[in-house]
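S.K.:
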Amino acid sequence: MSSPCLETMTLDAENLYNLLDLMLMSSEKLHGEQLERLLGLALNLSDEIQQWLRQEYESREK
Numbered sequence: 001m002s003s004p005c006l007e008t009m010t011l012d013a014e015n016l017y018n019l020l021d022l023m024l025m026s027s028e029k030l031h032g033e034q035l036e037r038l039l040g041l042a043l044n045l046s047d048e049i050q051q052w053l054r055q056e057y058e059s060r061e062k
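Counting from 1, position 27 in the sequence shown corresponds to residue 27 in UniProt numbering; the numbering is continuous, with no gaps.
1. Take A13 as the anchor and find which of D21, Q34, L45 and M23 has the nearest alpha-carbon.
2. Looking at I49: is its Cβ nearer than 8 Å to the Cβ of L22?
3. Return the chain-ordered list of same chain residues with a C-beta closer than 7 Å to the C-beta of P4, the five sequence neighbours on each side being excluded.
4. Following the continuous alpha helix (DSSP H) through E48, name the residue where it begins and the one where it ends.
5. Where does E14 sit, in a helix, a strand or coil, going by DSSP?
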């Protein structure tokens, strides 16, 4: 499996931003399982971005 490219990570970052923005605008309407699922999605997106950034940093430090 190849590592994601910058374009993919940029799209993931934009998706994360849009998801969090939507959650903020809808925060009064989100409850229970809806909120948990959206927070889980946001966490997964942020983890993928963070891992990719760490790999990029480590590869450039060599």
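The C-beta atom is built at its ideal place from N, Cα and C for all residues, glycine as well.
M.R.: Inspection of the coordinates gives the following:
1. The residue you call residue 13 lines up with position 13 of the sequence shown. Cα-wise, what sits closest to A13 is L45.
2. Residue 49 sits at position 49 when you count from the first residue of the sequence shown. Residue 22 sits at position 22 when you count from the first residue of the sequence shown. Taking 8 Å as the Cβ cut-off, I49 and L22 do not qualify as a contacting pair.
3. The residue labelled residue 4 in the question sits at position 4 within the sequence shown. These residues qualify, in order along the chain: W52.
4. Stepping through the sequence shown from its first residue, residue 48 is reached at position 48. Looking at the DSSP string, the run of the alpha helix (DSSP H) that includes E48 is G32 to E61.
5. Here the question's residue 14 lines up with position 14 in the sequence shown. Helix, per DSSP.
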